[in-house]
Every structure is written in structure tokens, then in C-alpha cells.
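Residue numbers (the numbering used here): 1 to 213.
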């Protein structure tokens, strides 16, 4: 048995961080599905592959940290440490001989050693862009991405606004947060208050006009 693990939502200022792990004895079925790095697939294709991956896998796990939990953990951990713990949790559901991980740390060796020490047993193969190299990691990236996208859609419905993708580079997301802050004098739910762009918005909110931003 091998497993692949990847995340979605490391950088956004809105919404959860999602880590997914796919367990499989042979990745041939994943190759037949045509899995790729989730960023290379359209939302429609990712959605169609989601259930196919679950059906083909021997097991899978999904670990989620919402914005509130991320803020709480960031008070005492780095983002890499948070992801490391989530990777280890996701990879510990089912016994496996090898773990293939898309490394979130710039130092691959450091991350590999740290993950190995937490999972104790399986061989850890951590690489940058592993979701391009190993189908089992590609499959995990798709589960993580679809799960996060669905959660962001639910957030949009809950709040009654188009919140965009949640990334600071997304104008829809930034406009949503700015307008909410201006009108309500507080940040909207599901926003990571520990993120630097959010801290800057809070400082700018002291201005009396939104056009000053």
C-alpha cells in the first residue's frame, strides 16, 4: 500500500486549509482516470474525477483547518509546522509502506525527516511538485482542491456574497473583505486574521472613507 498527500488553501486569506491523502495498492487506476496536478484541471474536470478517485482508492482521508483554527495555531506555530501535523494526521489513517508528499517546505530534507518522525514506519518520499510526478499525489491534490472549493462555495452562500477564490490576488475576495469591513466595522467570518494582507486592511480601516483604501 502507498499513499499520496497534498494540500489546498495554503495561501488564501479566506477559507480553510485542506489536506487530503489517497491510499492505493496500485496507482494504475489513477493513471486510467487521468489524474494531474489539480491546478492543471478545470473545476468541472476536478469534480468529475473526485468520485472516480474515491471509488478507485483503497482508502482516503481529509483533514481540515478552518480560518479560526489556523489563526489559533499560528500564535505558536509556523504554517509549515501546521501543515506537517495535518500531513501526518492524514497519512496515519491506514497502514502504508510509502508516503509520497508534495513538500510545502523549501527544505525537502527537513520536511521529509520531520514527517518520518511523526508517522514512524513508512518510507517518506517528499518532493516539490510531487503532484506533477506521482499519480497518487495528483489524486490527493484533486480531493483537497475540490473539498476546499466546495467549502468556499458554502461560505459564499452563508454570507450572501461572491467571496471569490479566497486568495489575496483575487480582486473579488479583496473587495468583499474591504466592503464587509467598511460596512460592519469588523472582519467577515472565515477570514484568517493572522494573514498580513488582513492586518493591513485592519489598519487601513481606520480611514473614514473606503476610497482612501
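In this text, a Cβ means the ideal position worked out from N, Cα and C, and glycines have one as well.
**OP:** Using 10 angstroms around the beta-carbon of residue 54, count the other beta-carbons present and answer buried if the total reaches 16, otherwise exposed.
**Re:** exposed
Original post:
Pairing CB atoms from the segment 10-18 with CB atoms from the segment 161-181, are three or more of them under 8 angstroms?
Top reply: yes
Original post:
Candidates 204, 192, 76 and 151: which alpha carbon is nearest residue 178's?
Top reply: 204
Original post:
To which residues does DSSP link residue 14 through a beta bridge?
Top reply: 191
Subject >> Neighbourhood of residue 197 by C-beta distance below 6 angstroms, restricted to the same chain and skipping five residues each side >> reply: 13 and 168
Original post:
residue 38 bridges to which residues according to DSSP?
Top reply: None, per the DSSP bridge assignment.
Original post:
Should the segment 139-155 be regarded as contacting the segment 34-53, the criterion being three or more beta carbon pairs within less than 8 angstroms?
Top reply: yes
Original post:
Apart from the five residues just before and just after residue 210, which ones in its own chain have a Cβ nearer than 6 angstroms to its Cβ?
Top reply: With a pLDDT of 49 at residue 210, under the threshold of 50, the modelled position of this residue cannot be trusted; read the value that follows with caution. Taken in chain order, the residues that qualify are 182.
Subject >> Start-to-end residues for the beta strand (DSSP E) that takes in residue 102 >> reply: 98-102
Original post:
With contact counted as at least three CB pairs below 8 angstroms, one residue from each stretch, are the segment 60-71 and the segment 36-46 in contact?
Top reply: no
Original post:
Name the DSSP beta bridge partners of residue 4, please?
Top reply: 22 and 100
**OP:** Go ahead and label residue 190 buried or exposed: buried means 16 or more other beta carbons lie within 10 angstroms of its beta carbon, across all protein chains shown.
**Re:** buried
Original post:
Is it right to say residue 101 is buried, meaning 16 or more other beta carbons lie within 10 angstroms of its own, or is it exposed?
Top reply: buried
Subject >> residue 197 (DSSP reduced to helix, strand or coil) >> reply: helix
Original post:
If you draw a straight line from the alpha carbon of residue 111 to that of residue 124, how long is it in whole angstroms?
Top reply: 10 angstroms
Original post:
Between which two residues does the beta strand (DSSP E) carrying residue 124 extend?
Top reply: 123-127
Original post:
Which residues bound the alpha helix (DSSP H) around residue 215?
Top reply: Residue numbering for the chain in the displayed model covers 1 to 213; residue 215 lies beyond these limits and cannot be assessed.
**OP:** Provide the residue(s) that pair with residue 82 in DSSP beta bridges, ordered along the chain.
**Re:** In the DSSP output, where bridge partners are listed per residue, residue 82 has none listed.
Subject >> Residues bridged to residue 176 (per DSSP) >> reply: Answer is none; residue 176 lacks a bridge partner.
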